[in-house]
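Chemist: I'd like to ask some things about the structure below.
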Amino acid sequence: MACTCFPEDVPAPRSGEHYNFAAGPAMLPPTVLAQIQDELPDWRGSGQSMLELPFTGAPFKNLMREAVQDLRDLLAIPSNYRVLFMHGGATCQFGLLPLNLLAPGQSADYLDSGYWATKAIAEARRHAPLNIIASGANDGFRAIAPPEQWRLDPRAGYCHVTSNETANGLQLQHFPELSVPLVADMSSDFLTRPLPLERFGLIYASAQKNLGIAGLCLLIVRDDLLKAPRPGLPSPFSYALQAEQQSRLCTPPTFALYVAALMLRWIARQGGLEVMASASRGKSQRLYQYIDASDFYHCRQQPADRSAINVCFHLRDARLLPDFLKEAAATGLLNLQGHCAVGGVRVSLYNAMPLAGVERLLAFMHGFERRHG
Ligand SMILES: Cc1ncc(COP(=O)(O)O)c(C=O)c1O
């Protein structure tokens, strides 16, 4: 179903600084945007635009190698894991996971934690029997069931979780050690905190939130999960075949990969994942503290499970929401509408969002409350 919640008549912001709070594609750091602009006509003095570089040539292979190494350094990825760059977004992986990881007829465990987990479940179910280990659906996804409550099947081929529910504003705070491979959709909180990599069998993330632009999905897969492809699975969608060919089985999304490489360097220059995690905590806590102290705004999510990346809240008087969004956009605070399935306000705080953006938003929220409260 097409999304109909995006306000059509939001005015263009007046001049001045803008902050883009979109959930993805999302804000890029200004220095990365400037570098793209600078390098676009002539990449590293090669006489070719990045958009024109052949993916089989040494310059592009080197770029891919550097990106893999930068990612390995940032996340301290153990040597028995492979990094794959796949076409398309995380939604493609929803169906490709069972096709790549399960034997025909084998089942998988899924945690139903919100909008994106529900999507992942619906798609995987087309290819394999699934066991839902816990679901927050009956409670409107206000909390995530803790691992002690998960009804795990020890015979499952893997256990799937969504580390950050972008639409619902919920985030898994801990990753348990399981007896089956833990598989995580990390599309919206990848590279926002350090990870205990050895607990995972596979991690995947669309790039257009913290790793650049749309068209690329990044996977980190443990070696032993790379199996010969099932009959009928097209080769570019086989993890094992892509791993064998260093993600160059077909032309990779070269421009998205280039932007991802720039983003990895940018994160490293900021100080790495501990710094990203502390910045995310700082930005989100400022918002949650303000919302919790207010009678005008409210956040429905259980505090322990609230996302540090996508802060979702409502105005107590929902009739004021269109004015809130319009007035915010007019002052340069862009794309604050909540996900179509949830409504309300969503503030996406990916790595590129500076604290100054949150401070501007808080000042606006305060003023809006004074004018309308
Ligand atoms: C957690 C999560 N998973 C999956 C997706 C889908 O990503 P894509 O549209 O790139 O397939 C999104 C998109 O917002 C997401 O936030």
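Residue numbers for the sequence shown follow my numbering, so the first one is 3 and each next one is one higher.
Using N, Cα and C, we set each Cβ at its ideal position, and we do this for glycine too.
Since this is a predicted model, take the numbers as computed values, not measurements.
Going by DSSP in three states, residue 375 sits in which element: helix, strand or coil?
Modeler: Here the question's residue 375 lines up with position 373 in the sequence shown. Note: residue 375 maps to coil in three-state DSSP.
Chemist: Short of 8 Å in beta carbon distance, which residues of its chain neighbour residue 82, apart from the five on each side in sequence? Order them along the chain.
Modeler: In the sequence shown, counting from the first residue as 1, residue 82 sits at position 80. Within the same chain, residue 82 has close Cβ partners 224, 225, 226.
Chemist: If you follow the beta strand (DSSP E) that residue 208 is in, where does it begin and where does it stop?
Modeler: Translated into positions along the sequence shown, residue 208 becomes position 206. It spans 202 to 208 - the beta strand (DSSP E) in which residue 208 sits, taken as one unbroken run.
Chemist: Nearer than 7 Å: is that true of the beta carbon of residue 173 relative to any heavy atom of ligand 1?
Modeler: If you number the sequence shown from 1, residue 173 lands on position 171. Outside the cutoff, so no.
Chemist: Which residue's Cα is closest to the Cα of residue 38: 49, 353, 53, 26?
Modeler: The residue you call residue 38 lines up with position 36 of the sequence shown. Closest option to residue 38, Cα to Cα, is 53.
Chemist: For residue 70, which option in 373, 324, 305, 213 has the closest C-alpha, if you only look at C-alpha atoms?
Modeler: Along the sequence shown, one-based indexing puts residue 70 at 68. Closest option to residue 70, Cα to Cα, is 213.
Chemist: Rounded C-beta distance between residue 171 and residue 312? I'm assuming under 8 Å.
Modeler: By one-based count along the sequence shown, residue 171 stands at place 169. By one-based count along the sequence shown, residue 312 stands at place 310. Indeed, because the Cβ distance is near 5 Å, the residues count as touching under 8 Å.
Chemist: Who are residue 350's beta bridge partners in DSSP?
Modeler: The residue you call residue 350 lines up with position 348 of the sequence shown. Note: residue 350 sits in a beta bridge opposite 312.
Chemist: Just to confirm, are residue 119 and residue 113 a CB contact at a threshold of 8 Å?
Modeler: By 1-based counting over the sequence shown, the position of residue 119 is 117. By 1-based counting over the sequence shown, the position of residue 113 is 111. Taking 8 Å as the Cβ cut-off, residue 119 and residue 113 qualify as a contacting pair.
Chemist: Taking residue 30 as the reference, which of 367, 288, 354, 369 has the closest Cα?
Modeler: As a first step, residue 30 must be located in the sequence shown, where it is residue number 28. Per the Cα distances, 354.
Chemist: Residue 345 and residue 211: beta carbons closer than 8 Å?
Modeler: Counting from 1 along the sequence shown, the entry for residue 345 is found at position 343. Counting from 1 along the sequence shown, the entry for residue 211 is found at position 209. For residue 345 and residue 211, no; Cβs fall outside 8 Å.
Chemist: Assign residue 162 to buried or exposed, taking buried as 16 or more other Cβ atoms, counted over all protein chains shown, within 10 Å of its Cβ.
Modeler: Along the sequence shown, read from residue 1 onward, the residue named residue 162 stands at position 160. Flag for residue 162 reads buried.
Chemist: Per DSSP, what kind of secondary structure is residue 218 in: helix, strand or coil?
Modeler: As a first step, residue 218 is located in the sequence shown; it is residue number 216 there, counting from the start. Three-state result, residue 218: strand.
Chemist: Assuming residue 201 and residue 179 make a contact with CB atoms under 8 Å, what is their CB distance in whole Å?
Modeler: As a working note, residue 201 is residue 199 in the sequence shown. As a working note, residue 179 is residue 177 in the sequence shown. Right, the Cβ-Cβ distance comes to about 5 Å (below 8 Å), so this counts as a contact.
Chemist: So, using beta-carbon positions, are residue 326 and residue 370 closer together than 8 Å?
Modeler: In the sequence shown, residue 326 corresponds to position 324, counting from 1. In the sequence shown, residue 370 corresponds to position 368, counting from 1. Going by C-beta atoms, residue 326 is nearer than 8 Å to residue 370.
Chemist: For residue 342, write down the residues that DSSP places opposite it in a beta bridge.
Modeler: Within the sequence shown, residue 342 is the residue found at index 340, counting from 1. Looking at the DSSP assignment, residue 342 forms no beta bridge with any residue, so it has no partner.
Chemist: Roughly how many angstroms lie between the CA atoms of residue 375 and residue 297, to the nearest whole one?
Modeler: Here the question's residue 375 lines up with position 373 in the sequence shown. Here the question's residue 297 lines up with position 295 in the sequence shown. In a straight line, the C-alpha of residue 375 is about 9 Å away from that of residue 297.
Chemist: With three or more C-beta pairs closer than 8 Å as the rule, is the region 72 to 80 touching the region 264 to 271?
Modeler: They touch, by the three-pair rule.
Chemist: Can you find the residues in the same chain that come closer than 6 Å, C-beta to C-beta, to residue 147, ignoring five residues on each side of it along the sequence?
Modeler: Taking the sequence shown and counting its residues from 1, the one referred to as residue 147 is at position 145. Excluding positions up to five away in sequence, the list reads 136.
Chemist: Within its chain, find whatever has a CB closer than 7 Å to the CB of residue 155; leave out the 5 residues flanking it on each side and keep chain order.
Modeler: Within the sequence shown, residue 155 is the residue found at index 153, counting from 1. Only 109, 111, 133 meet the Cβ criterion.
Chemist: Quick check: the Cα distance between residue 256 and residue 68, rounded to an integer number of angstroms?
Modeler: Mapped onto the sequence shown, residue 256 falls at position 254. Mapped onto the sequence shown, residue 68 falls at position 66. When rounded, the distance between both Cα atoms is 14 Å.
Chemist: Tell me which residues share the same chain as residue 117 and place their Cβ nearer than 8 Å to its Cβ, disregarding the 5 neighbours each side in the sequence.
Modeler: Your numbering for residue 117 matches position 115 in the sequence shown. Only 143, 167, 168, 169, 170, 341, 343, 344 meet the Cβ criterion.
Chemist: Among 216, 98, 140, which residue has its Cα nearest to the Cα of residue 185?
Modeler: Here the question's residue 185 lines up with position 183 in the sequence shown. Closest by alpha carbon: 98.
Chemist: Going by DSSP in three states, residue 179 sits in which element: helix, strand or coil?
Modeler: One-based indexing of the sequence shown puts residue 179 at position 177. Coil at residue 179, not helix or strand.
Chemist: Which one of 121, 157, 332, 218 has the shortest CA to CA distance from residue 86?
Modeler: Counted from its first residue, the sequence shown places residue 86 at position 84. The shortest C-alpha separation from residue 86 is found at 218.
Chemist: DSSP three-state call for residue 335: helix, strand or coil?
Modeler: Along the sequence shown, read from residue 1 onward, the residue named residue 335 stands at position 333. Reduced to three states, the DSSP call for residue 335 is strand.
Chemist: Would you report the Cα separation of residue 45 and residue 240, rounded to the nearest angstrom?
Modeler: Taking the sequence shown and counting its residues from 1, the one referred to as residue 45 is at position 43. Taking the sequence shown and counting its residues from 1, the one referred to as residue 240 is at position 238. The alpha-carbon atoms of residue 45 and residue 240 are separated by roughly 31 Å.
Chemist: What are the start and end residues of the alpha helix (DSSP H) that includes residue 74?
Modeler: Locating residue 74 in the sequence shown gives position 72, where the first residue counts as 1. Residues 60 to 77.
Chemist: Quick one: Cα of residue 100 to Cα of residue 221, how far?
Modeler: Mapped onto the sequence shown, residue 100 falls at position 98. Mapped onto the sequence shown, residue 221 falls at position 219. Computed Cα separation, rounded: 15 Å.
Chemist: Please find out if some non-hydrogen atom of ligand 1 comes closer than 7 Å to the beta-carbon of residue 140.
Modeler: Counting from one through the sequence shown, the residue named residue 140 turns up at place 138. No, since every heavy atom of ligand 1 falls outside the 7 Å radius drawn around the Cβ of residue 140.
Chemist: Under DSSP, the beta strand (DSSP E) around residue 103 begins and ends at which residues?
Modeler: Numbered from its first residue, the sequence shown carries residue 103 at position 101. No beta strand (DSSP E) holds residue 103; the alpha helix (DSSP H) holding it covers 92 to 103.
Chemist: Cβ of residue 152 within 7 Å of any heavy atom in ligand 1?
Modeler: The residue you call residue 152 lines up with position 150 of the sequence shown. Outside the cutoff, so no.
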